[in-house]
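Okay, structure first, notes after.
Protein chains in written order, with the numbering used here: chain Z, 490 to 813; chain A, 898 to 979; chain V, -11 to 382.
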C-alpha cells in the first residue's frame, strides 16, 4: 500500500480499537485532509471523531492538549510544518512542559501529525523542513517515518506514549508504495535503522531524503564505493550509538538533511560525531543540505535548492578518492 | 687469583642475578642488597654462583660477610678462592 | 591438524607480537617444546606447544602483532598424513589476506621529512591515532587525502610495509606498557571482585629452627629459603579449602584440581609478574626450591614460558623483605584468592601462660566474596598455620 494509505490504515485501526482516539485538523473531515490521508474516515466514523477545525493552529493544537489532559488520545493534523509555527506557544509552553511543571501530575498523550518538506512547487510558505527545530525541545518525541511501514507503525506506537509525539510526514512520500504488516506488534520508535550496509562511508539521513540517499548509495556502489545508509527514524531521542558504531567502521560520515545548514539538525549530528567519535574520523564530516533560501516556487529553482542525488555522490567521492 | 680477578668474577655472578643493573656504578663498600634492590632468592642465587665459580663452601652464617663487594672479595681471597 | 594459536598469558593480555620462530616448517616438535617467542606488554615469553607433530605451515611472521587466539601455525599431529592438508586448507586460510602475508613486502623508500612544512602534520584523527599506536612517524608519510591529508589508508599501508621489521622496543616503553597492563588488571579486579580481607599471626619459631638446622646440613646449592616453605604450605592448605583454587569464568567459579601457585616477583625498577610454580602441592621442597630459584632468575632475565604466565590458580606475594608487616593484596583475575606474607618479627607471644619472644609472621588472605566467605577463608589461614607448625612434614 502507499505511505498515504498506511497512515490512513493506522488512524482507522486506532479509531476502531480505542474509543478515546479522535482526529482533528484543518479539512480532515469533509475534504479528506489536505493530502487525502483521512479520505473516507468522516463517513466511517462520523463528525464526533473526525473533527474539522477552524483555521487556527494555536486553537486546535491547544484543544488537543486539553483533550489529552482530560484522558483522550487525540491525533492532531497540521497541514504543513510552516503553519505549525502558529501553534508553537501551545507546543513549547504547554505540551512539552506540563508534565515538568506539574511535578509529574499531568501528562499530555498527544500525537501531532505534520506534513513537511519541499519538492511539490508549493513555495516558501508550505515547503520547509523545520522538524529539526522541534528536535531541539526536551519533553516531546520527534519521529520521521520514511517508509510506509513506519508511517503505519509509528502512529500506532506514538498513541501508546505518555507524552507528546510529533510525526513529520514528508509530503513527497505519500504516493510511495511499501510493504506494511498490519498484523505486526507495536514497533520500536527509538532506534535508527541501518537501511543499507557498507564499509566505506556512512550516509545519515531521515524522512524525505532517504530515497535520494539510497539512490546515491546505488550509484556509489557502481563505482566500487560501499556506502552504509542510516535512516534515523527518530530525531528525538536521537540514536547516537548507531551512528557512532557505523562511523567507527567506515571512518567517514555525510549527513543528508533537507533542512537548512546553519543552526540545523544536521549540525547536531555532525557535532555528536565529532564529540564522540573524533578519533575514528578519517575525514571531516560533510553535509548535504538545502540552499539557504526561502523555498523557490519555480520548478528548476526548487530542484536547485533541494539536496540532490548527485551532490551526495560527489561528496562521498571527494571524501574517499585518493589525491596523490 | 688476584683480588682484581676475584672482583671481576664476583661482578659477573652479580650480573647473572641482576642483568639489568649497571654494575660500574656499584659502590664497593656499601651493601649490595641496598644498591641493587635484590631479595633473598637473588642473594641465594648469587651465593650459589660464587660457590660454582670459586668452589668454596659458604655456610649460611657467613652470608653477612658477603654484604658488600669489598666484603665478598676479602672473604673469597681468605677462603682460598681459586 | 592442530592450530597453534597466540595464547592468552594473563587476564590483561589482548594481543601479542611474534618475535620469532624457533622451529621451521617441516621440523618436528614435541609437547612442551618452546617453539616461538612472543612479546607481551609484560615480558618476552617463550611459547610452548601442546601437541606433538610436524609444523605444517606458518601463518604469522616475526614482527607481526596479532590478537589472542590468532592461528600462528598449523601442526600436523603424529600419525596424521600430510595429505590431510587439502580439506583443511580453506579453514586455515580463511581470508584472502592470509596467503599474501608470508611474502615480505618491499620497503618503499621513505620520503625525507619535508623541512618546508615545519608546523602541524596534516592527518585525520583516526590516522593520527593508528600512527601513535604503531609508532609510525606521520611526518615521514605522504598524504593522499584532500589537500594532502594523511588518511587511515596511508598509515595502514605504511604499517604493512614496515611490519616485518620488529620495531626496537626501548626498555622505558616496556616498563610503561607493563604499568598499563598492571593498571588494567588491577582496576578490573577492584571493579569486579568484591574483596574480603583476613589476617592471622603465625608463630614461626618451629619453622625457623627447623630451617636453620636443615640448612646447616645442606650445601649452598641445596639450601632452602623460608619463602618456599610458605608457598608449599599455601598449596597444601588448599587441599582443606579447595574452592579458593578456582577461577571466575563466565559468571561463575570453576574449581580447579591442579594447584599452580603464582609467585609474585617484583621486577627491579618497577613492575610485577606472578608466574606459576606448577603442581606446587606435589613438589618436594627441594624441587620447589630449585624451580623457584630458576623462576626468579628467568623472570629477571625476561625468559618466562607461556604456561607459567597463563596457569597460576592462586597468587602468593611476600613483601616481608621490604619490612612490610602485612600485605592486603588485590586479586589477579580470573583467580579468586591471593595470600600475602609480611616480615618475620620478634614479638611477645603468649604460650602456656607465659609471655615469650617468638618470631611472628602475619599471613593475610584476599578473597573473592562471590566465591568464598570469611568463614572458609579463616579455615584456610588456620590450615596454613597448622601446616607451618610441622615443617618436617612439608
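Note that beta-carbon positions come from the ideal geometry of N, C-alpha and C, so glycine has one too.
No experiment lies behind these values; they were computed from the predicted model shown.
Closest by CA to residue i, which one among the options?
i: residue 719 of chain Z; options: Z:727, Z:712, Z:732; result: Z:732
i: residue 355 of chain V; options: V:304, V:309, V:337, V:375; result: V:304
i: residue 311 of chain V; options: V:330, V:325, V:296; result: V:330
i: residue 930 of chain A; options: A:977, A:975, A:962; result: A:962
i: residue 239 of chain V; options: V:321, V:-5, V:42, V:11; result: V:321
i: residue 781 of chain Z; options: Z:789, Z:768, Z:774, Z:796; result: Z:796
i: residue 549 of chain Z; options: Z:528, Z:530, Z:573, Z:627; result: Z:573
i: residue 607 of chain Z; options: Z:497, Z:794, Z:744, Z:741; result: Z:794
i: residue 170 of chain V; options: V:293, V:29, V:274; result: V:29
i: residue 307 of chain V; options: V:293, V:16, V:327; result: V:327
i: residue 769 of chain Z; options: V:111, V:-9, V:8; result: V:111
i: residue 67 of chain V; options: V:230, V:39, V:115; result: V:39
i: residue 184 of chain V; options: V:316, V:129, V:198; result: V:316
Is there a Cβ from chain Z that is less than 8 Å from the Cβ of residue i?
i: residue 230 of chain V; result: no
i: residue 123 of chain V; result: no
i: residue 117 of chain V; result: yes
i: residue 112 of chain V; result: yes
i: residue 301 of chain V; result: no
i: residue 322 of chain V; result: no
i: residue 55 of chain V; result: no
At the 8 Å Cβ level, is residue i part of the contact set with chain V, yes or no?
i: residue 771 of chain Z; result: yes
i: residue 767 of chain Z; result: yes
i: residue 807 of chain Z; result: yes
i: residue 776 of chain Z; result: no
i: residue 948 of chain A; result: yes
i: residue 811 of chain Z; result: yes
i: residue 740 of chain Z; result: yes
i: residue 898 of chain A; result: no
i: residue 926 of chain A; result: no
Report, in whole angstroms, the separation of the C-beta atoms of residue i and residue j, which I expect to be a contact under 8 Å.
i: residue 369 of chain V; j: residue 186 of chain V; result: 6 Å
i: residue 382 of chain V; j: residue 192 of chain V; result: Incorrect: roughly 13 Å between the Cβ atoms, too far for contact.
i: residue 755 of chain Z; j: residue 778 of chain Z; result: 6 Å
i: residue 655 of chain Z; j: residue 629 of chain Z; result: 6 Å
i: residue 124 of chain V; j: residue 147 of chain V; result: 6 Å
i: residue 584 of chain Z; j: residue 653 of chain Z; result: 4 Å
Determine, using beta carbons only, whether residue i comes closer than 8 Å to chain A.
i: residue 329 of chain V; result: no
i: residue 285 of chain V; result: yes
i: residue 249 of chain V; result: no
i: residue 289 of chain V; result: yes
i: residue 257 of chain V; result: yes
i: residue 378 of chain V; result: no
i: residue 304 of chain V; result: no
i: residue 215 of chain V; result: yes
i: residue 242 of chain V; result: no
If you measure between the beta carbons of residue i and residue j, is that distance less than 8 Å?
i: residue 601 of chain Z; j: residue 631 of chain Z; result: no
i: residue 46 of chain V; j: residue 13 of chain V; result: yes
i: residue 371 of chain V; j: residue 173 of chain V; result: no
i: residue 950 of chain A; j: residue 906 of chain A; result: yes
i: residue 51 of chain V; j: residue 36 of chain V; result: no
i: residue 505 of chain Z; j: residue 526 of chain Z; result: no
i: residue 678 of chain Z; j: residue 643 of chain Z; result: yes
i: residue 167 of chain V; j: residue 258 of chain V; result: yes
i: residue 809 of chain Z; j: residue 689 of chain Z; result: yes
i: residue 109 of chain V; j: residue 140 of chain V; result: no
i: residue 743 of chain Z; j: residue 681 of chain Z; result: no
Buried or exposed: residue i, going by 16 or more other Cβ atoms within 10 Å of its Cβ?
i: residue 53 of chain V; result: buried
i: residue 55 of chain V; result: exposed
i: residue 912 of chain A; result: exposed
i: residue 747 of chain Z; result: buried
i: residue 508 of chain Z; result: exposed
i: residue 617 of chain Z; result: buried
i: residue 360 of chain V; result: buried
i: residue 205 of chain V; result: exposed
i: residue 497 of chain Z; result: buried
i: residue 323 of chain V; result: buried
i: residue 947 of chain A; result: buried
i: residue 513 of chain Z; result: buried
i: residue 579 of chain Z; result: buried
i: residue 246 of chain V; result: exposed
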